[in-house]
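Asks: Below are the structure tokens for one structure; questions will follow.
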Amino acid sequence: MRFPRSSRRVLASLATLAALTAWPAAGMAAEKLEQTSIRLIPEDAAFYGAMLRNGEQIKIIAESNAWAKLKNLPAVQMGLGAIEQQLASGDNPQAAQLKAMLENPQVKELLGLLGDMFSNDVFVYADPRVAPVVELLQGISNSISYGPLYFHASGQADAMSPNEMQAKAALYTLAENLDKIQIPTTVLGFAVEDEERAKLHLNKFEGLLAPLTFMLPQLAGRVVREKVGDDDFLAIKLDGKMIPWDEVPLDDIRQYEAREGDVDKLVEKITGLNLVIAFGVRHGYLMVACTDSLDGLARLGTGSSLLARPEISPLKKHAGKRLTGISYTSRNFLTQVAMSAEDIDGLLKIGDAALQQLPLDETQKGQIRKDVGDLAAELKTLIPAPGATLQFSFLSDRGIESYGYNWTEDKFIDASRPLDVLDFVGRDPILAVAWRGRIYPKAYDRIVHWVKVGHGYFEKYGVPEMSAKDRQTYSRLVEAMKPLCRELGRVNRESLIPALDGQCAIVLDAKLLSDKIAKDVPRTDEPMPLPEPALVVGIQDARAMRDAYLGYQEFFDKTLEVLRTFDERGEIPADYSIPWPEAAETAAGATLRVTLPEKWGVDPQIVPNAVLTEKVAVVTASEAHSKRLLEGQAPTAGLLADGRRPRALAVLFNWPALVDAAAPWVRLAARQVAKENLHVEDDAPEIENVVAQVDTVLEVLKAVRNCTAQSYIEDRAVVTHSLMEISDVP
């Protein structure tokens, strides 16, 4: 049996993906936290990240039943056999070259080093000076994006092209932030068991660089060996003086100066920079560093380490676990790169420049500045104070577990109580995401206030520009809509906002089966799973929610009647009314149903509906789904077993259920593809063989079980705890 190349590639890709998800819970000795690269990282690091146990994870996959099943698939065996045959035949020059290369002892030695480098601990580190550099890059990006707006607003755009405006803005930003132009220390490190082998290859690399110094004389004497502590490092030392400034068109660049001399200051700054690219083995790690001085590299492994920081305390509690990853970002770094009040002030400058061009008197401009300033002040209060972040993951008996700690000020989530809405997402949906946000009733009043302010400006400056007829129509419309809008505001304040408790959930399931979804869709041989989306909203006052719905219904009905009075051409049919859902009181609660047009031929099981109870309102695509949700069965998988613990967020992703729901569709597609590519009949054995292999892949994919996550507050940090349950297939 032979599959087309396209089919083999698809099956091989699926096999590889499936293998990566198959993670048995075999145990291995845990390393101590102090034995990982975090012990080398200075306490003031801007950020640090490490990938751990990569070789162990690959070994687990290679020894799993899932991987064995995939390797034994005929399509995979055929692909592997074809590769071996190509390498052995010698007919293909490229294959022969590849074989010779793989058999070369030096290549084998290099591949061994690469395997060693990526097996245990790979880390990246940056010192505190990276923060202003990133901040500068963000500033340049913002200048390129918003600079043209400033020039348009200030009336300077007519004399410049878009590229000129962007260049002028970027150059101004650079000249304003010369102190941020620097070379921070960044290090990429690889734990190596065989240090001598790593040093040997560094020597070979140094030999490769030697001819380069002959081709580029300016590198002469700049490829050197220097000590970092007691360790030898190969360093390539560069500086800004090496730039051929006489060949750079500085006079052309000066035309974009906002102030005379900015380019000269920039050249002086860059000329004084040093760049050192260093390679060496230190503390058991092969390190590649980019810095301005080897002193920055020498700090690793000396003095107080990142382990001394209080933010690392949660990680220490899990130090005995089989850690697979660690990531840390400092508060100082995030403070400099996160959105800040200064960003809003920058937008205010653009607005003020535009204001200067408007034909308004100073009193009018002053009022606009005051209103815009007040709005900006309110927006600034919404910006949270940045805090450090920490994430780490580890292998457990259940699969892969991870924790994330975020000390950034929390303004929007509410983790003070259990998520009761979880009782109404179903026991085993494919996906459920539930959360509770803080409700700020006064925020609605502030939104209304600013809408009124904006409307006031429209009436003051926009309406006078209308024609007399349009002003008359506008005035009549406003007078007619004012009482309706006041009533809508009352409904929002007194009904909708008090009705909600801040909880919400998005649910996806696929228990609805149909062999014909709609009239123009072909019928399938068997009922197929259909996606069932749902929205669940937490309710604390069902009566208020009913009043809100009736209030909205009345508002839109009366709005339609107002629009009829302005419909001089009769474009709104006299018998037209808003098609509100059918309302009924059922045993489940107040129910709204939408009857789909019969001409669509949609499966009668599909009935969009909403049900309001004393605790929740659910919106689904079928009444059967609503019934299941309202049975009040909360999921108990993984981290959600304790349904009564306070949470701000809870997530359930039932991967096997998704695979099961997709399986009939995948089989159907596989049969069709196989039939078209193999040119056989529907019941041919070749097609059944393809489907059997697809079933094997689907089985292996289900090695990933439930994925659950939850967020809560711990010691003023927002903690996100997640678990991916994995078990090998039989």
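Using the working numbering, read the sequence shown as starting at 1 and increasing by one per residue. Just so you know, even glycine gets a beta-carbon here, dropped at the ideal spot from N, CA and C.
Quick one: grab the DSSP three-state call for K227.
Replies: Counting from 1 along the sequence shown, the entry for residue 227 is found at position 227. Reduced to three states, the DSSP call for K227 is strand.
Asks: So for A298, helix, strand or coil by DSSP?
Replies: Residue 298 sits at position 298 when you count from the first residue of the sequence shown. It is helical.
Asks: Using CA coordinates, which residue listed in R254, V124, Y146 is at the minimum distance from L266?
Replies: Counting from one through the sequence shown, the residue named residue 266 turns up at place 266. Checking every option, the nearest Cα to that of L266 belongs to R254.
Asks: With a Cβ-Cβ cutoff of 8 Å, do S711 and L649 count as a contact?
Replies: Locating residue 711 in the sequence shown gives position 711, where the first residue counts as 1. Locating residue 649 in the sequence shown gives position 649, where the first residue counts as 1. Yes; because the gap between Cβ atoms is below 8 Å, this pair is in contact.
Asks: Which residue wins for smallest C-alpha separation from I183, given the options V618, I243, A131?
Replies: The count along the sequence shown starts at 1 and reaches residue 183 at position 183. Checking every option, the nearest Cα to that of I183 belongs to A131.
Asks: Assuming L40 and T185 form a contact by the criterion Cβ under 8 Å, report the distance between their Cβ atoms to the nearest whole angstrom.
Replies: For this step, residue 40 is matched to residue 40 along the sequence shown. For this step, residue 185 is matched to residue 185 along the sequence shown. Not really, about 13 Å apart at Cβ, beyond 8 Å.
Asks: In or out: L535 buried (at least 16 other Cβ within 10 Å) or exposed?
Replies: For the purposes of this step, residue 535 is taken as the residue at position 535 of the sequence shown. Result: exposed.
Asks: Thinking C-beta only, is D251 closer than 8 Å to N744?
Replies: This structure leaves residue 744 out entirely; the chain is present only between 1 and 730.
Asks: For K241 versus T271, is the C-beta distance shorter than 8 Å?
Replies: Position 241 of the sequence shown, counted from the first residue, corresponds to residue 241. Position 271 of the sequence shown, counted from the first residue, corresponds to residue 271. Closer than 8 Å, so yes.
Asks: Is it right to say Q472 is buried, meaning 16 or more other beta carbons lie within 10 angstroms of its own, or is it exposed?
Replies: Here residue 472 refers to the residue found at position 472 of the sequence shown. Classification for Q472: exposed.
Asks: Could you spell out the range, first to last residue, of the beta strand (DSSP E) harbouring Y405?
Replies: As a working mapping, residue 405 is identified with position 405 in the sequence shown. Here the beta strand (DSSP E) through Y405 covers 399 to 406.
Asks: By Cβ distance below 8 Å, which residues in the same chain neighbour Q318 in space, the five residues on each side in sequence not counted?
Replies: For the purposes of this step, residue 318 is taken as the residue at position 318 of the sequence shown. Note that residue 318 corresponds to His in the displayed sequence, not to Gln. Around H318: F392, F394, Y403.
Asks: How would you call Q94, buried or exposed, if buried means at least 16 neighbouring beta carbons within 10 angstroms?
Replies: As a working note, residue 94 is residue 94 in the sequence shown. So Q94 ends up on the exposed side.
Asks: Among D642, D728, W67, which one has its Cα closest to the Cα of T708?
Replies: Stepping through the sequence shown from its first residue, residue 708 is reached at position 708. Of the listed residues, the one whose Cα sits closest to T708 is D642.
Asks: Check this for me: beta carbons of E487 and K511, under 8 Å apart or not?
Replies: Residue 487 sits at position 487 when you count from the first residue of the sequence shown. Residue 511 sits at position 511 when you count from the first residue of the sequence shown. Going by C-beta atoms, E487 is not nearer than 8 Å to K511.
Asks: Pick from R331, A235, E676, A46: whose alpha carbon is nearest that of V124?
Replies: Along the sequence shown, one-based indexing puts residue 124 at 124. Measuring from the Cα of V124, the nearest candidate turns out to be A46.
Asks: Excluding the 5 residues flanking Y328 on each side, which residues of the same chain have their C-beta closer than 6 Å to its C-beta?
Replies: Position 328 of the sequence shown, counted from the start, is the residue given in the question as residue 328. Cβ neighbours of Y328 beyond the five flanking positions: Y48, L390.
Asks: Is I572 near F556, with beta carbons less than 8 Å apart?
Replies: Mapped onto the sequence shown, residue 572 falls at position 572. Mapped onto the sequence shown, residue 556 falls at position 556. The answer is no: Cβ separation not under 8 Å.
Asks: Under three-state DSSP, which class holds K71?
Replies: As a working note, residue 71 is residue 71 in the sequence shown. K71: helix per DSSP, three-state reduction.
Asks: Since E43 contacts S304 with CB under 8 Å, what's their CB separation in whole angstroms?
Replies: On the sequence shown, position 43 is the one that residue 43 refers to. On the sequence shown, position 304 is the one that residue 304 refers to. Sure, about 4 Å apart at Cβ, within 8 Å.
Asks: By Cβ distance below 6 Å, which residues in the same chain neighbour L407 in space, the five residues on each side in sequence not counted?
Replies: In the sequence shown, the residue the question calls residue 407 occupies position 407. Looking at the sequence shown, residue 407 is not Leu but Trp. Once the five neighbours on either side are set aside, the close Cβ partners of W407 are G387, A388, A717.
Asks: Straight-line CA distance for E362 to E479?
Replies: Looking up residue 362 in the sequence shown gives position 362. Looking up residue 479 in the sequence shown gives position 479. Their backbone Cα atoms lie some 31 Å apart in a straight line.
Asks: Report yes if the CB atom of D509 is closer than 8 Å to the CB atom of G426, and no otherwise.
Replies: Within the sequence shown, the letter at position 509 stands for residue 509. Within the sequence shown, the letter at position 426 stands for residue 426. Taking 8 Å as the Cβ cut-off, D509 and G426 qualify as a contacting pair.
Asks: Specify whether the region 133 to 150 and the region 164 to 171 touch according to this definition: at least 3 beta carbon pairs, one from each stretch, less than 8 Å apart.
Replies: They touch, by the three-pair rule.
Asks: Helix, strand or coil: how does DSSP classify S514 here?
Replies: For this step, residue 514 is matched to residue 514 along the sequence shown. The answer is strand: DSSP assigns S514 an E or B state.
Asks: Grouping DSSP H, G and I as helix and E and B as strand, with all else coil, what is N609?
Replies: The residue you call residue 609 lines up with position 609 of the sequence shown. Looking at N609 - three-state DSSP - the assignment turns out to be strand.
Asks: In angstroms, rounded to a whole number, what distance separates the CA positions of M78 and V607?
Replies: Position 78 of the sequence shown holds residue 78. Position 607 of the sequence shown holds residue 607. Rounded to the nearest angstrom, the two C-alpha atoms are 48 Å apart.
Asks: The beta strand (DSSP E) with N706 in it runs from where to where?
Replies: Here residue 706 refers to the residue found at position 706 when the sequence shown is read from its first residue. Looking at the DSSP string, the run of the beta strand (DSSP E) that includes N706 is 704 to 714.
Asks: Assuming the contact rule is C-beta atoms closer than 8 Å, V192 and L286 should be a hit. Round their C-beta distance to whole Å, please.
Replies: Locating residue 192 in the sequence shown gives position 192, where the first residue counts as 1. Locating residue 286 in the sequence shown gives position 286, where the first residue counts as 1. Rounded, the Cβ-Cβ distance is 5 Å, consistent with contact.
Asks: Report the rounded CA-to-CA distance for N689 versus R705, giving the unit in angstroms.
Replies: Taking the first residue of the sequence shown as 1, we reach residue 689 at position 689. Taking the first residue of the sequence shown as 1, we reach residue 705 at position 705. Cα to Cα, the separation comes out at about 27 Å.
Asks: Where are the alpha helix (DSSP H) runs, 4 residues long or more, that stay fully inside the region 231 to 311, in chain order?
Replies: Taking only runs of at least 4 residues, the alpha helix (DSSP H) segments lying wholly in the region 231 to 311 are 250 to 254, 262 to 271, 294 to 298.
Asks: For T595, which of helix, strand or coil comes out of DSSP?
Replies: Position 595 of the sequence shown, counted from the start, is the residue given in the question as residue 595. In this structure, T595 counts as coil in the three-state DSSP scheme.
Asks: Let's see if you can read the secondary structure: which residues bound the beta strand (DSSP E) around W435?
Replies: In the sequence shown, residue 435 corresponds to position 435, counting from 1. Segment 431 to 436, the beta strand (DSSP E) holding W435.
Asks: Assuming I350 is part of the alpha helix (DSSP H), what are its boundary residues?
Replies: Your numbering for residue 350 matches position 350 in the sequence shown. Taken as a continuous stretch (DSSP letters only), the alpha helix (DSSP H) holding I350 covers 341 to 357.
Asks: H721: which of A505, P105, I400, P522 sits nearest, CA to CA?
Replies: By one-based count along the sequence shown, residue 721 stands at place 721. It is I400 whose Cα lies nearest to the Cα of H721.
Asks: Drop a sphere of 10 angstroms on the beta-carbon of A26, count the other beta-carbons inside from all chains shown, and report buried for 16 or more, exposed for fewer.
Replies: By 1-based counting over the sequence shown, the position of residue 26 is 26. Confidence in A26 is poor, its pLDDT being 37 and thus under 50, which makes the residue's placement unreliable; the coordinate value appears in the next sentence. Its Cβ having fewer than 16 others within 10 Å, A26 is exposed.
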